[in-house]
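Residue numbers (this note's numbering), protein chains in the order written: chain A, 1 to 269; chain B, 1 to 215.
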């Protein structure tokens, strides 16, 4: 698949900019001074031990958790703040909704709406957020459900599907909103091993066909290596090291990265 | 047989009053449950505190005393309410307070992931509540609402003490007139059960309907 070249990495204005991000839970500082960019259309894989802050970074972008310090910009607009008389003030709901329309997210626990059919799960936000007619929303929903191989499950309810199927619906539900960037938060971690493949296959398809940027938090190293333009290694609330997958997986610079990857080493032989 | 018919007819007269009070006070309690329940979840302090005050006052004092107060004390302050209104208000406010707690806890019981998924789909807070949270919370509310409605039905017997001629009032009057204590109270039990059972069935049907597709 095409990879973003180094030249364009240098020249392109990033689509997402985390600046000096800090996060405190009570008195505990879990993250400090993080700067991190994502380019338009770039596929970024984020790896690292649990509790290293990967999910928190994604949740900040989805407006689920507010950073206690720093700013996030997306498409040139501040996400959590707005400028008033040259000062930064907290964004109101209207502003948040305007900016986060560009962002989509798929969760580890799928979070499908259990009281709606599969079709309605994929239609609901199209009708009530994008303002499409029911007819348009249904056409698009059926098309995308077909793409993830679940067109025959339109009238089923989430509880009647396997975990892998539910996660594919969750992806269809997010992708149909046409976000500019999609966040995948350990989307295969809750799945039985034999169901992981079908979900990764759908992500691969989306990645190959779609222009949108992706932030993929994962423990599937082989998959990350395969699909990502860039791999970011996080530990203890810090970005330890980042670069093209070949570099991170074959020639990691930092001891932390080496130690972490050695636990997965069998995967590469 | 004639005495039997007289007892039966007397009780039927009371049935109308009981049903009327039941229906109006269930409606009042339902509306209050949602209004006060939502207020208690507000991010602003004033509605939240008002809701807590309402709940604690009406839950924490006896329904009978509330009825007495509305019927016998308010007139001293110059407010005279008809007995029917006192019955409906007393029961509605009291069970509304219980219902508000049910609404609040049921909404809170919907898994956090549902809210997060709605935010990720950029739904407005109204849409999130309407499409995602409330339908799920409603299913959680139903069994408790079923209990409360039947409790309320049984609570209507207290309104006989503020002079409303409901089922229990008629039964007591018939008893002192005829002395057929056993018979009258057996009828009374059966009639209350005949009202209560369809309520249970109705709620069960609603619950079944609401839980379609839920594993």
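Quick reminder that beta carbons are idealized off the backbone N, C-alpha and C, glycines included.
All figures in this text were calculated on a predicted structure; none of them were measured in a lab.
Q.
Against chain A, does residue 123(B) count as a neighbour if the rule is that its beta carbon must be under 8 Å from one of theirs?
A. yes
Candidates 137(A), 78(A), 128(A) and 120(A): closest to residue 158(A) by CA position: 120(A)
* Asked: Just the Cα atoms here: how many angstroms apart are residue 64(A) and residue 246(A)?
  -> 32 Å
Contact criterion: CB-CB distance below 8 Å. Does residue 100(B) meet it with respect to chain A? no
*Host beta strand (DSSP E) of residue 82(A) (start-end)*: 81-84
Coil, strand or helix - residue 261(A) by DSSP
helix
Under the rule that 16 or more other beta-carbon atoms within 10 Å means buried, what is residue 251(A), buried or exposed?
exposed
- Query: Any chance the region 76-94 of chain B sits against the region 46-64 of chain B, with 3 or more Cβ pairs inside 8 Å?
  - Reply: yes
Q.
Using only the alpha-carbon positions, how far apart do residue 179(B) and residue 31(B) sit?
A. 42 Å
Notebook entry, point to check: Beta-carbon separation of residue 233(A) and residue 48(A) under 8 Å?
Noted result: yes
So, are the CB atoms of residue 215(A) and residue 44(A) less than 8 Å apart? yes
- Query: Nearest chain B C-beta to residue 67(A) closer than 8 Å, yes or no?
  - Reply: no
Exercise. Mind listing the chain A neighbours of residue 137(B)? Cutoff is C-beta to C-beta under 9 Å, in chain order.
Key: Going along chain A, no residue has its Cβ under 9 Å from residue 137(B), so there is no contact; the nearest lies around 10 Å.
**Study point:** Opening and closing residue of the alpha helix (DSSP H) in which residue 101(B) lies
**Key:** 83-109
**Prompt:** Residue range of the alpha helix (DSSP H) that residue 206(B) falls in?
**Reply:** 181-210
- Would you mind sorting residue 44(B) into buried or exposed? The rule is 16 or more other CB atoms within 10 Å of its CB. exposed
* Starting from the C-beta of residue 32(A), find all residues in its chain whose C-beta is less than 6 Å away, skip the five residues before and the five after it, and write them out in chain order. => 22
Note to self: For residue 237(A) and residue 52(A), which I take to be in contact (beta-carbon distance under 8 Å), what is that distance rounded to the nearest angstrom?
What the structure shows: 7 Å
Practice prompt. Drop a sphere of 10 angstroms on the beta-carbon of residue 1(A), count the other beta-carbons inside from all chains shown, and report buried for 16 or more, exposed for fewer.
Written response: Its pLDDT being 43, under 50, residue 1(A) is placed unreliably in this model, and the value from its coordinates should be taken loosely. With fewer than 16 Cβ atoms within 10 Å of its Cβ, residue 1(A) is classed as exposed.
Sort 208(B), 112(B) and 163(B) by Cα distance to residue 14(B) and report the nearest one.
163(B)
(message) Considering only their Cβ atoms, is the gap separating residue 37(B) from residue 97(B) smaller than 8 Å?
(response) no
- Query: For a contact meaning CB atoms closer than 9 Å, what does residue 129(A) contact in chain B?
  - Reply: 121, 122, 123, 124 and 127
Starting from the C-beta of residue 184(B), find all residues in its chain whose C-beta is less than 8 Å away, skip the five residues before and the five after it, and write them out in chain order. 7, 11, 171, 174, 175 and 178
Residue 104(A) to residue 68(A) span [Cα, whole Å]
22 Å
request  = Check whether the Cβ atoms of residue 170(A) and residue 93(A) sit closer than 8 Å, and answer yes or no.
outcome  = no
Requested in this report: Return the first residue and the last residue of the alpha helix (DSSP H) that residue 2(B) is part of.
Outcome: 2-40
**Message:** Assuming residue 239(A) and residue 34(A) are in contact, meaning their beta carbons sit under 8 Å apart, how far apart are those beta carbons, in whole angstroms?
**Reply:** 6 Å
Per-residue burial, residue 253(A) [other beta carbons within 10 Å of its own, 16 or more giving buried]:
exposed
Name, please, each residue of chain A whose Cβ falls closer than 9 Å to the Cβ of residue 104(B).
Chain A residues near residue 104(B): none, gap ~20 Å exceeds 9 Å.
Report task. With 7 Å as the C-beta to C-beta threshold (strictly closer), list the residues of the region 83-116 of chain A near chain B in chain order. Result -> 97, 100, 101, 104, 105, 107, 109, 111, 113, 114 and 115
Where residue 139(A) sits in the DSSP three-state scheme: helix
* Determine whether the Cβ of residue 151(B) lies closer than 8 Å to any Cβ atom of chain A. => no
request  = In angstroms with no decimal places, state the Cα-to-Cα distance between residue 176(A) and residue 21(B).
outcome  = 51 Å
| task | For my contact list, residue 181(A) and residue 145(A) are in at a C-beta cut-off of 8 Å; report their separation, rounded to the angstrom. | result | Going by Cβ atoms, the distance from residue 181(A) to residue 145(A) rounds to 22 Å, so no, they are not a contact pair.
key: Candidates 133(A), 109(A), 115(A) and 13(A), of which the one nearest residue 137(B) by Cα   = 115(A)
The region 139-162 of chain A: which residues have C-beta closer than 9 Å to a C-beta of chain B, in chain order?
-> 156, 157, 158, 159 and 160
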